[in-house]
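K.L.:
The numbering used here numbers the first residue of the sequence shown as 66 and each following residue consecutively. The C-beta atom is built at its ideal place from N, Cα and C for all residues, glycine as well. Could you have a look at this structure, given as structure tokens, before my questions?
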Amino acid sequence: MTSFIIVLLCSAGLFAVLMQDRFRFWTTLLVGGIAFLLALLAGVLLGRLIEDPALGKLLACWAGTLLLFAASLAVHSNNILQKLFVLLLCPCCLVYAEVLLPQLLGTLPLRTAGVVGGVVSAAGTLLLYLLLGLCLYRPFHHFSDRGPSAFMAGMCLLLCLIYLICTGKADLLFPANALAGRLLFSSLLFIVLVFCFRSVYQAGRFRTAVLEEATRRKLLDKDAEDFGDLLAAVREAHAVQKKGEYALDTISVMLQDGVPEQVPAYIYMAKHAAAREPVLGEYHENPYLNGIIAAKAAFASQNGIEFQCNACTGNVPLKTSELCVLFHEMLSHACKEALGYTGEEPRRVRFTAIPGEDSLRLEAVYAAVPPAGRSFGLQELREKKLSDVIQWLFDDRPAEGSDLSGLENTAETVLLHSGRLTVSSTPEETILLAEMRF
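This is the structure in structure tokens:
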């Protein structure tokens, strides 16, 4: 009922629309054009060899689709199950159109013989392929970089079931009216197929949006920490500037009062006091690392946190940018935890970097509240929800040292260098340890 050329064009259109190109436009077009011409030639030959027109057109569709599938293996980057799905979808659309169009033509209030029937059949076939292409376009492109999955395998099996129903292999299931049963069940299965694809696509979009929002918030938090360090450093620099101006004013007054012999002693005292300023301290021979540590020291000084540092990296085979990330994230984490500490012990941060023969050990010791355990007593149950108890029963227990929020880049760098990143706690302090081997 439907021209083979139209079916082949629609099949090629499905491959072009749903698949993700691997090469440039003209390369894909050239390979697709050659495959289309070979498929057209194979279809014409099969149509002449087979006497039954319906069977000949179906086999020609299969042959053409297989050639397009073979070309897709070379020019498209989708996984094999996605390509197999489109391979099965093209003949399924043809046999479904052969079931749908006679019923549709029989309901039209006009004569459908001759040209009118051909035009309506061609238009119906085009609309069917177009509708499926529009429904599946975004899901296929959203998951084009994924590997084979059980979902795609299930969708391929669903297409096989639709094909068997439309070709009359399952007529025993509806003996009363086989044609109506084919149309009804195949239509329902097509609706289920599209619904499943769109549902998975919407779920994927929602999950992607949630992850993007979480990533954006993490970036904002990191930027906020950087701005806090910058503000602390600027305030400390202003304080040093005021102290320097005060020292100059004091020396000027001494000279005016005629006591110049006191000036050298005062200058020595001023230099000694300036050496104790956190932002002016010498913490590391690398100026970039020294700047990071100085900014954290200024932040600690302004927030009443005792800060100690003994850092030496030697000649470890790490880039300065990697060391800056390690120092920044570990010190930020330690200062943040120490700032929130409300215990009896003084708030403090002690940072140490010790190079070895083929290793580097970074350690941040800070006062912090120990993490609460995941246990529920009778008293705690009054303040908990049922969902909290169910989550405690079924969710995995966090491993020791898993409190690594804000240390994602540090953890990745440590793992790249065959190391480990751990967090251990005592009632008085917490130890953040990063060990790397080279």
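1) Give the secondary structure of Asp423 by DSSP, where H, G and I count as helix, E and B as strand, and everything else as coil.
2) The alpha helix (DSSP H) with Leu497 in it runs from where to where?
3) Could you tell me whether the Cβ atoms of Thr130 and Leu152 are closer together than 8 Å?
4) Assign Cys221 to one of three DSSP states: helix, strand, or coil.
5) Considering only residues of the same chain and omitting the five flanking positions on each side of Thr417, which have a CB-CB separation below 6 Å?
6) Checking the sheet assignment: what are the DSSP bridge partners for Thr417?
7) For Ile227, count neighbouring C-beta atoms within 10 Å of its own C-beta (all shown protein chains included) and say buried if the count is 16 or more, exposed if not.
8) Based on the DSSP secondary-structure assignment, which residues constitute the bridge partners of Val488?
9) Just the Cα atoms here: how many angstroms apart are Ala464 and Thr487?
10) Do the region 359–369 and the region 315–330 make contact, defined as three or more Cβ pairs closer than 8 Å?
11) Could you give the distance in angstroms between the alpha-carbon of Asn144 and the alpha-carbon of Val96?
12) Please report the Cβ distance between Ala399 and Leu497, rounded to the nearest whole angstrom; I am assuming they are in contact, meaning their Cβ atoms lie under 8 Å.
13) Could you name the residues of the same chain whose beta carbon sits closer than 7 Å to that of Gly485, not counting the 5 residues immediately before and after it, in chain order?
14) Three-state secondary structure (DSSP) at Asp86?
15) Extract the residue ranges of the alpha helix (DSSP H) inside the region 128–191, only unbroken runs of 4 or more that lie entirely within it.
16) Near Glu410, what residues of its chain come up, given a Cβ to Cβ distance below 6 Å and the 5 sequence neighbours on each side ignored?
17) Would you call the CB atoms of Ser186 and Gln85 closer than 8 Å?
18) Work out the CA separation of Val414 and Glu394 for me, nearest whole Å.
19) State the DSSP-derived secondary structure class of Ser317, mapped to helix, strand or coil.
20) Using a Cβ-Cβ cutoff of less than 6 Å, which residues in the same chain neighbour Arg426 once the five nearest sequence positions on both sides are dropped?
21) If you run the structure through DSSP and keep just helix, strand and coil, what is Thr92?
22) State the CB to CB distance for the pair Gly246 and Leu253, rounded to an integer number of angstroms; the pair is presumed to be in contact (CB under 8 Å).
23) Per DSSP, what kind of secondary structure is Gly233 in: helix, strand or coil?
24) What are the start and end residues of the alpha helix (DSSP H) that includes Tyr406?
25) Below 7 Å CB to CB, which residues in the same chain sit around Gly466 once its five sequence neighbours on both sides are set aside?
26) According to DSSP, simplified to helix, strand and coil, what is Glu465?
27) Rounded to whole angstroms, what is the Cα-Cα separation between Arg300 and Gly405?
28) Where do the ends of the alpha helix (DSSP H) carrying Ile357 lie?
29) Give the C-beta separation of Tyr266 and Arg211 to the nearest angstrom, bearing in mind that I take them to be a contact with Cβ-Cβ under 8 Å.
30) Do you know whose CA, among Phe80, Phe88, Pro343, Ile316, lies nearest Ala135's CA?
31) Measure the alpha-carbon distance for Gly78 versus His206 and round it to whole angstroms.
32) How many angstroms separate the CA atom of Val257 from the CA atom of Leu170?
33) Taking Asn242 as part of the alpha helix (DSSP H), name the residues at either end of that continuous run.
34) Using a 10 Å radius around the Cβ and a threshold of 16 neighbouring Cβ atoms, would you call Leu310 buried or exposed?
35) Determine the direct distance from the alpha carbon of Phe88 to that of Ala243, and round the result to whole angstroms.
P.N.:
Straight from the coordinates:
1) Coil.
2) Boundaries for Leu497: no alpha helix (DSSP H) harbours it, while the beta strand (DSSP E) harbouring it runs 495–502, taken from the DSSP string.
3) Yes, these two residues count as a Cβ contact at 8 Å.
4) DSSP places Cys221 in helix when its eight states are reduced to three.
5) Same-chain partners within the cutoff: Asn375, Glu428.
6) Bridge partners of Thr417 according to DSSP: Asn375, Glu428.
7) With 16 or more Cβ atoms within 10 Å of its Cβ, Ile227 is classed as buried.
8) Answer is Leu497, bridged to Val488.
9) Caution is warranted here: a pLDDT of 48 is assigned to Ala464, below 50, making its placement in the model unreliable, and the coordinate value is therefore given only provisionally. Rounded to the nearest angstrom, the two C-alpha atoms are 10 Å apart.
10) No: fewer than three Cβ pairs fall under 8 Å.
11) Spanning the two alpha carbons is a distance of roughly 19 Å.
12) About 6 Å separates the two Cβ atoms, so the contact holds.
13) A small fix is needed here, since residue 485 is Arg in this sequence, not Gly. Excluding residues within five positions, the ones whose Cβ falls inside 7 Å are Val479, Glu500.
14) DSSP places Asp86 in strand when its eight states are reduced to three.
15) Counting only runs of 4 or more, we get 145–172.
16) The residues are Ala432, Glu493.
17) Cβ distance not < 8 Å, so Ser186 and Gln85 don't count as in contact.
18) In a straight line, the C-alpha of Glu394 is about 14 Å away from that of Val414.
19) Three-state DSSP puts Ser317 in a helix.
20) Excluding residues within five positions, the ones whose Cβ falls inside 6 Å are Ile419, Glu500.
21) DSSP places Thr92 within a helical segment (H, G or I) once states are collapsed to three.
22) Contact between Gly246 and Leu253 does not hold, since the beta-carbon distance rounds to 11 Å and is not under 8 Å.
23) Per DSSP, reduced to three states, the secondary structure at Gly233 is coil, with no helix or strand assignment.
24) DSSP places Tyr406 in no alpha helix (DSSP H); its state is neither H nor E.
25) At Gly466, the pLDDT of 43 sits below 50, so the modelled position is not reliable and the matter cannot be decided from this model.
26) Reliability of the predicted coordinates at Glu465 is poor, the pLDDT of 46 falling under 50, and no value is obtained from them.
27) Roughly 21 Å separates the two Cα atoms.
28) Going by DSSP, Ile357 is part of the alpha helix (DSSP H) stretching over 352–367.
29) Rounded to whole angstroms, the Cβ separation of Tyr266 and Arg211 is 12 Å, and the two are not in contact under 8 Å.
30) Of the listed residues, the one whose Cα sits closest to Ala135 is Phe80.
31) The C-alpha of Gly78 lies about 15 Å from the C-alpha of His206.
32) So the alpha carbons of these two residues sit roughly 25 Å apart.
33) Counting along the chain, Asn242 falls outside any alpha helix (DSSP H), and DSSP gives it neither H nor E.
34) According to the sequence shown, residue 310 is Glu rather than Leu. Result: exposed.
35) One C-alpha to the other measures close to 46 Å.
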